[in-house]
Amino acid sequence: MARNLELPVAVVTPVDLGRLLRELHLIDETLLQMQLRGAGAEVKMPKTSHLMDQMITANTLNLLHKADRQELQEFLRSVREHAPVLHMSFSADPSVSFMEKLTSWLRREIDPVVLVTVGLQPNIGAGCVLRTTNKHFDLSLREDFAKHRDLLTAKLKPEVTTA
Amino acid sequence: MTIWWLALILGVLGSAGIGFIWLIVRIGRISGGAKKQAGNQIESLEKAADEDVEHVFNTEFREELRNRGRLHFEKIIGENAMFLQQDLRLTTSQLNEYMKTEITHKLTEEFDKYEQSIMDAKQLAIESIQKTNTAIDEQRQVLSDQVRQEITNEKQQLLKHFENNMADIVNHYVLAAVGNQIDLNDQLEYILADLEANKKAIIEDIQSGA
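These protein sequence lines are chains A and B, in that order.
Take 269 as the starting number for the first sequence in the working numbering and just add one per residue.
Take 3 as the starting number for the second sequence in the working numbering and just add one per residue.
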């Protein structure tokens, strides 16, 4: 029976997903070679990455089992093909912890397998600019200032006109 | 008046001469008639008369009369000349007075006309200056309105430009002032709140697909 696998919050971008797929493919190849060479042959197992460790831990997988590897591979390919990708731009390069918190919220509230690509726009001040498949959400401080321009004008106009 | 006096004097002298001649002729006629009536007596009387006439009106006497007449005529001429001189002086003074009065009157009239002309010119100049001042005031008012309008337009344009770019200005100011101090971790709550506000639209867009 197929389990519902989940993506750990450390896997954020499609690049991360590609790395996992390549790593899983390498593990699969290594184990296949071990199987072909037979017992006694020395085959060095590849060292799993931090992302793969989190993936395995989060989904309680055993990559020595071919079924688990197969299931993980299918899941990752499915995610790569069908997962929604959000492009988010920030004023500065986000930290890992920040991205983990953000990804956690996105996967809880938006989509469980959503992926995020990160961009950099220093001129937005604060906040972020979100671009989905068809829409563009400017959630930056710059846009907030533009939205509340009337309020700012109402505050500044008396000072300007009396000057 | 002097001419009348002179004519009167000449008339008197003429009358006296005529009377004198008439007297002589009368006396001659009377003596002629007596001759006819008296015959020889008359002749003798005529002779005596002639002799008396010759005796009375002899050359010395006639010369004396002539001299007296000349003196009298000269006296009358002198008096009349004096009168004429006085009249001439009077006339001259009157003429001078008249000329003075006339000239003064004419000069006064001319001065009045000149003064009136000056007043008219002055009035014309004042009216011209007033018109010029009015035109200048109107032009100044027009220019003032134009300048005020230009300033207002410029101000409105600046204000509009400022309003249009105000968000960028404030954003630039905030970035320059505190941009380096705003950490992304501090913004997380703000970002999540914005995402929460737009969650429905994001989900709908994701579900609708490409």
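Every residue, glycine too, gets a C-beta built ideally from N, C-alpha and C.
None of these values were measured; they are calculated from a predicted model.
In the structure shown, Ser365(A) adopts helical secondary structure according to DSSP, grouped into three states.
Around the beta carbon of Val347(A), 16 or more other beta carbons sit within 10 angstroms, so the residue counts as buried.
In terms of beta-carbon proximity, Thr401(A) lines the interface with chain B, with at least one pair separated by less than 8 Å. Taking the CA atoms as reference points, Met84(B) sits about 43 Å from Asp52(B).
When only Cα atoms are considered, Leu12(B) and Gly19(B) end up about 10 Å apart. Per the DSSP secondary-structure output, Met356(A) pairs in a beta bridge with Val386(A), Leu398(A). Asp406(A): member of the beta strand (DSSP E) spanning 404-408, first to last residue. Distance from the CA atom of Glu411(A) to the CA atom of Val280(A), rounded to whole angstroms, is 26 Å. Here Ile378(A) carries a coil assignment [DSSP, helix/strand/coil]. For Arg375(A), none of the residues of chain B pass the 9 Å Cβ criterion, the least Cβ distance being about 12 Å.
Between Leu67(B) and the set Lys162(B), Ala123(B), Phe22(B), Lys202(B), the nearest pair of CA atoms involves Phe22(B).
For Lys201(B), the enclosing alpha helix (DSSP H) covers residues 201-210. Taking the beta carbon of Lys201(B) as reference, the chain A residues within 8 Å of it are Glu377, Ile378, listed in sequence order.
Runs of alpha helix (DSSP H) with 4 or more residues, each lying fully within the stretch 272-353 of chain A, are found at 282-305, 318-327, 334-350, listed in chain order.
Counting other Cβ atoms within 10 Å of its Cβ, Val283(A) stays below 16 and is therefore classed as exposed. Counting every other CB atom within 10 Å of its CB across the protein chains shown gives Asp196(B) a total of 16 or more, marking it as buried. DSSP places Asn391(A) outside any alpha helix (DSSP H), giving it a letter other than H or E. One Cα belongs to Glu65(B), the other to His74(B), and the distance between them is close to 14 Å. One finds Gly393, Leu409, Arg410, Phe413 in chain A with Cβ atoms closer than 7 Å to the Cβ of Asn173(B), taken in chain order. Under the DSSP assignment, Gly71(B) falls in the alpha helix (DSSP H) whose first and last residues are 61-166. The C-beta separation of Leu190(B) from Leu370(A) comes to about 7 Å, placing the pair in contact by the 8 Å criterion. Contact of Thr371(A) with chain B is not assigned, every C-beta pair being separated by 8 Å or more.
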